[in-house]
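70 is the number of the first residue of the sequence shown in my numbering; add one for each residue after it.
To start, the structure under review is shown below, and the notes come after it.
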Amino acid sequence: MSYAYCQSCARVIHNPRDLGTEADGSLNRDFCRRCYAEGCFTEPRLTRRQIISRIVPLWMKENNLTYREALVDVNHFISGLRRWQTHKTWT
70 MSYAYCQSCA RVIHNPRDLG TEADGSLNRD FCRRCYAEGC FTEPRLTRRQ
120 IISRIVPLWM KENNLTYREA LVDVNHFISG LRRWQTHKTW T
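If you want it as structure tokens, here you go:
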């Protein structure tokens with residue numbers, strides 16, 4: 070399996086066991102198991118602002134960035150993730 074990013078939280082998915090699951094138990098290759106299980110988001114009311122606030126501190130540490138630099142990077146990165154694209158509708 071090639072590395073992929075969870076299309077909700079941006080975690081790197083290293084292993085198939087880290088993938089989310091559909092209601093029928095099949096793997097969902099777009100989302101990690103922390104974000105998507107049994108065909109639903111584990112936090113369906115999670116907002117874009119909330120996920121950004123979770124990711125920014127990690128991004129700062131991992132990339133040695135200031136808060137503002139990390140915020141700009143994360144906003145840009147999140148925009149490319151399927152869950153946070155404004156034209157997508159998810160259950």
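Every residue gets a Cβ at the ideal spot worked out from N, C-alpha and C, and that includes glycine.
Rounded to a whole number of angstroms, what is the C-alpha to C-alpha distance between LEU88 and THR116?
Counted from its first residue, the sequence shown places residue 88 at position 19. Counted from its first residue, the sequence shown places residue 116 at position 47. If you take the alpha carbons of LEU88 and THR116, they lie about 21 Å apart.
Hey, PHE100 and GLN76 are a contact pair by Cβ (cut 8 Å); roughly how many whole angstroms apart?
Sequence index remark: in the sequence shown, residue 100 carries index 31 (1-based). Sequence index remark: in the sequence shown, residue 76 carries index 7 (1-based). The pair is a contact, with the Cβ atoms about 6 Å apart (cut-off 8 Å).
For LEU127, which three-state DSSP category applies?
Your numbering for residue 127 matches position 58 in the sequence shown. The answer is helix: DSSP assigns LEU127 an H, G or I state.
Buried or exposed, going by whether 16 or more other CB atoms sit within 10 Å of the CB of LEU127?
For the purposes of this step, residue 127 is taken as residue 58 along the sequence shown, with counting starting at 1. Sixteen is the threshold: since fewer than 16 other Cβ atoms of the shown chains lie within 10 Å of the Cβ of LEU127, the residue is exposed.
Please classify CYS87: does DSSP put it in a helix, a strand, or coil?
Taking the first residue of the sequence shown as 1, we reach residue 87 at position 18. In the sequence as displayed, the identity of residue 87 is Asp instead of Cys. In this structure, ASP87 counts as helix in the three-state DSSP scheme.
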